[in-house]
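Novice: Shown below is the structure under consideration.
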Amino acid sequence: MSVKTPSKLEKILAAGHQAVTSECGPPRGSDPEVIREKARLIRDHVDVVNITDNQTSVTRMCSLASCFHLKQMGVEPVLQMVTRDRNRIALQGDILGAASMDIHNILCLSGDHQSFGDCATGQNVHDLDSMQLIQTVRLMRDEGKFLGGGDISRPPEMFVGAAANPFAQPHKIRVPRLAKKIAAGVEFIQTQCIYNLDRFEEWLAEARDRGLTEKVYILAGVTPLKSVGMAKYMKNRVPGMDVPDEVVARMAGVPKEKQAEEGVTICVETIQRLKEVPGVAGFHVMAIEWEEKVPEIVERAGLYPRPAMP
Amino acid sequence: MKRLLPRVGVDPARVEMFNLSSAMGPRWAEICNEFTERIRQLGPSPIRAALGRGGKGGTAS
Amino acid sequence: MIVGKQKPIEETWAMVKDFSRVLVFGCNTCVAVCHEGGNKEAQILASLMRMKATQEGLSLEIRDSGIERQCEHEFFESAEKDIEWADAVLSLACGVGVQFMVKRYPEILVYPGLDTCFLGDVEKNGLFTESCQACGKCVLAETAGICPVSRCAKRVLNGPCGGSNKGACEINKDLPCAWQLIVDRLEALGRLADYERLAPIKDWSTERAGGPRKLIHEEFMK
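The listed protein sequences derive, respectively, from chains A, B and C.
For the first sequence, the numbering used here gives the first residue as 27, with consecutive numbering after it.
For the second sequence, the numbering used here gives the first residue as 46, with consecutive numbering after it.
For the third sequence, the numbering used here gives the first residue as 50, with consecutive numbering after it.
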């Protein structure tokens, strides 16, 4: 795949390296130091950092401003953008705003339903869905056009990503859905956290058989478990999450004070196994409010040092 | 009805529905006695009480 | 049909209790089917309000009446006297009926007795479910006859989103995921390949976003 944007993530992937990405959630306040501090913990161990967009529908500092703070400290951000809160005017406007700051990566999502957050009585927008947002960014970038047909002066140069969940139901359309996102124009995928490796490998094999791994970079999502409680919560309460009983049992099998360490080890082993699977273009390490563990995971998984890119 | 009455301050125990056939005379008498006793214990309804106070509202039509 | 739900009696009572002649006015079509606003419900509500009036020692007179549809001139004749008698009408119609009465009787105060909820069907006795949002540009031909605009909490046209969970929507386990239903039906019809057709960006100008809508048949306008 030839490089189409100045994105560091795209260059690393195109050079055949397995990329490492991570993510940070902005604070519930306006102090930029919070996001900078999270970025400092991981900056040397990952290639780019996703900034979530009002994740779980809880109001936070916006993704765009947080990306700007990262950019200023020399960390390359991935702007996450959900279609829940903005119509096509605002989405396109924010894409241009991000482009004006030379933000070169975007992750297109629909976003959690607002009923989970702190504004359950609010409206949701969903003027576009995530696939249509992918199409929109590609139109703006590749053709220099707005959805309304007008020309864009200095079009955005963004490497376009989306999420995929190999574990969600209905199972039968997991790979077709990936194909659909590729048809919409997606260039990289970050997956839902993987605990059921067999199921993930099955999904990837099916994607490979359809030639999809030649058309999109798939970054395998991993999240270290902090405790057996978290494992159970993920298993039972988080939609579309597949935590096999063996993983819960393994966490439960070690004393409480050793569970965090065990969680990190499971995460490292996951990466080590998936590194060898054809079609895995890299890893998305989501250490939820546990960013300080990212360096250890990346080092132990043998993904450190990170390649230097011009 | 039992769901609606409390909303206007009337005890839902003041209404009851029974399904009887015409051949069930003794049961009918029994129910009448039981229900009369229940209402006696509940005392006058708040509407009766209000009318007694001279409330003239709620002209039935 | 239009589905509505009676407002709490405390709320409607506060609207009407200071008038002297109140008419509780049923609408005996859509909102009668969902047992909330028909002529029978108008009778019951009027009677409850009379009990309230008596207990509060208020001297207002409350009557009930109703017609087949409050959204069309031709049905009003039989109730004309009742309406003219009243100085406030508590309409148990949907928002359409309430506003139609406001236009028809500019001198009478008309209050809404229902919260108008959605366009839905009678899935089974006592269960009414939303199935259309009148978006003005029907997509059912592309979605196996199941509407994602009204039945998906995010109205995604290329679903399911990541919140689809064991056939249910992430917001409520009793709510079926519209996209699960679409995929299942496509499969049952042997058309699962159609799933991969991308739904284009929707023109929402035919929906609420385009402002209040009108349908005109000049041949009937005399």
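Cβ atoms here follow ideal geometry from the backbone N, Cα and C, with glycine treated the same way.
1. Which chain C residues are close to P51/B, counting only those with a beta carbon under 8 Å from its beta carbon?
2. For G148/A, I'd like the list of residues in its chain whose CB is within less than 8 Å of its CB, leaving aside the five on either flank, ordered along the chain.
3. Hey, V151/A and N113/A are a contact pair by Cβ (cut 8 Å); roughly how many whole angstroms apart?
4. Looking at C-alpha atoms only, which residue of P32/A, R326/A, G175/A and E59/A is the closest neighbour of Q98/A?
5. Here's the rule: buried if 16 or more other CB atoms are within 10 angstroms of the residue's CB, otherwise exposed. What is V17/A?
6. In chain order, which beta strand (DSSP E) runs of at least 3 residues are fully inside the segment 256 to 333 of chain A?
7. Just by C-beta distance, which residues in the segment 184 to 200 of chain A are closer than 8 Å to chain C?
8. Which two residues bound the contiguous alpha helix (DSSP H) that contains Q98/A?
9. Would you mind telling me which residues of chain B sit closer than 7 Å to K101/C, beta carbon to beta carbon, in chain order?
10. Only counting runs of 4 or more residues, tell me where the alpha helix (DSSP H) segments fall wholly within the segment 55 to 121 of chain C, in order along the chain.
11. According to the neighbour-count rule (16 or more other Cβ atoms, all chains shown, within 10 Å of its Cβ), is T3/A buried or exposed?
12. Smallest Cα separation from D243/C: which of C120/C, T192/C, F177/C and M98/C?
13. Name the chain C residues that come within less than 8 Å of I76/B, Cβ to Cβ?
14. Beta strand (DSSP E) containing D233/C: first to last residue?
15. Would you call S106/B buried or exposed, if buried means 16 or more other Cβ atoms sit within 10 Å of its Cβ?
16. Whose C-alpha, out of D57/A, I121/A and I160/A, is nearest the C-alpha of A210/A?
17. Is P196/A buried or exposed, if buried means 16 or more other CB atoms sit within 10 Å of its CB?
18. Name, in chain order, the residues that DSSP records as bridge partners for T85/A.
19. So is S83/A in contact with chain C if we call contact Cβ pairs under 7 Å?
20. Determine which residues of the segment 159 to 175 of chain A have a Cβ less than 9 Å from any Cβ of chain C, and write them out in chain order.
21. What residues are listed by DSSP as bridge partners for L139/C?
22. Going by DSSP in three states, P32/A sits in which element: helix, strand or coil?
23. Just reading off the alpha helix (DSSP H) that C77/B is part of, what are its end residues?
24. Given 8 Å as the limit, is there contact between the segment 224 to 240 of chain A and the segment 253 to 260 of chain A, that is, 3 or more CB pairs closer than that?
25. Could you list the residues in the segment 66 to 77 of chain C with a C-beta less than 8 Å from some C-beta on chain D, going in chain order?
26. Along chain C, which residues have their Cβ under 8 Å away from the Cβ of M256/A?
27. Does the CB of A146/A have a neighbour CB from chain C at under 7 Å?
28. My output table needs one value for K215/C: the three-state DSSP class, helix, strand or coil.
29. Can you find the residues in the same chain that come closer than 7 Å, C-beta to C-beta, to V273/A, ignoring five residues on each side of it along the sequence?
30. Is there at least one Cβ from chain C nearer than 7 Å to I84/B's Cβ?
31. So what's M107/A in DSSP terms, helix, strand or just coil?
32. For the candidate residues L173/A, T217/A and E232/A, whose alpha-carbon lies nearest to that of N191/A?
33. Three or more C-beta pairs closer than 8 Å, one from the segment 92 to 106 of chain C and one from the segment 120 to 136 of chain C: is that the case here?
34. Within this structure, are the beta carbons of L105/A and A124/A separated by less than 7 Å?
35. Of all the options K30/A, E325/A, I314/A and C88/A, which has the alpha carbon lying nearest to the alpha carbon of Q298/A?
Specialist: In brief:
1. What P51/B touches in chain C: nothing, since even the nearest Cβ is about 10 Å away.
2. Result list for G148/A: Q140, in chain order.
3. With a contact defined as Cβ atoms closer than 8 Å, V151/A and N113/A qualify at about 5 Å.
4. Ranked by how close their Cα comes to the Cα of Q98/A, the residues P32/A, R326/A, G175/A and E59/A have E59/A in first place.
5. Because chain A spans 27 through 336 in this model, residue 17/A falls outside it and cannot be assessed.
6. Listed in chain order, the complete beta strand (DSSP E) runs (minimum 3 residues) inside the segment 256 to 333 of chain A are 306 to 311.
7. Result list: A189, N191, A194, Q195, P196, K198 and I199.
8. Here the alpha helix (DSSP H) through Q98/A covers S89 to Q98.
9. What K101/C touches in chain B: V53.
10. Secondary structure in the segment 55 to 121 of chain C: the alpha helix (DSSP H) runs of 4 residues or longer, each lying completely within the stretch, are 58 to 65, 79 to 82 and 88 to 105 in chain order.
11. Shown here, chain A extends from 27 to 336; a query on residue 3/A therefore has no answer.
12. Selection C120/C, T192/C, F177/C and M98/C evaluated against D243/C yields T192/C as nearest (Cα-Cα).
13. Neighbourhood of I76/B in chain C, by CB distance below 8 Å: empty, with the nearest CB roughly 24 Å away.
14. Run containing D233/C: none in the beta strand (DSSP E); it sits in the alpha helix (DSSP H), A227 to A237.
15. With a pLDDT of 41 at S106/B, under the threshold of 50, the modelled position of this residue cannot be trusted; read the value that follows with caution. It is exposed - the Cβ of S106/B has fewer than 16 other Cβ atoms within 10 Å.
16. With respect to the C-alpha of A210/A, the residue from D57/A, I121/A and I160/A having the closest C-alpha is I160/A.
17. With 16 or more Cβ atoms within 10 Å of its Cβ, P196/A is classed as buried.
18. According to DSSP, T85/A bridges with nothing at all.
19. Under the 7 Å criterion on CB atoms, S83/A is classed as non-interfacial with respect to chain C.
20. Cβ contacts with chain C: Q161, T162 and L173.
21. Under DSSP, L139/C takes part in a beta bridge, and its partners are V73/C and Y160/C.
22. Three-state DSSP puts P32/A in coil, outside helix and strand.
23. Start and end: G70 to L87.
24. Fewer than three pairs of CB atoms, one per stretch, sit closer than 8 Å, so the segment 224 to 240 of chain A makes no contact with the segment 253 to 260 of chain A.
25. Given the protein chain composition of this structure (A, B and C), no chain D is represented.
26. Going along chain C, no residue has its Cβ under 8 Å from M256/A, so there is no contact; the nearest lies around 19 Å.
27. The C-beta of A146/A comes no closer than 7 Å to any C-beta of chain C.
28. Under the three-state reduction of DSSP output, K215/C falls in the coil class, being neither helix nor strand.
29. Hits under 7 Å: Y221, A257 and I292.
30. I84/B does not count as touching chain C.
31. If DSSP states are grouped into helix, strand and coil, M107/A belongs with the strands.
32. Nearest C-alpha to N191/A among L173/A, T217/A and E232/A: T217/A.
33. Touching, no.
34. Yes, Cβ-Cβ distance for L105/A and A124/A is below 7 Å.
35. If you compare the alpha carbons of K30/A, E325/A, I314/A and C88/A with that of Q298/A, the shortest gap goes to E325/A.
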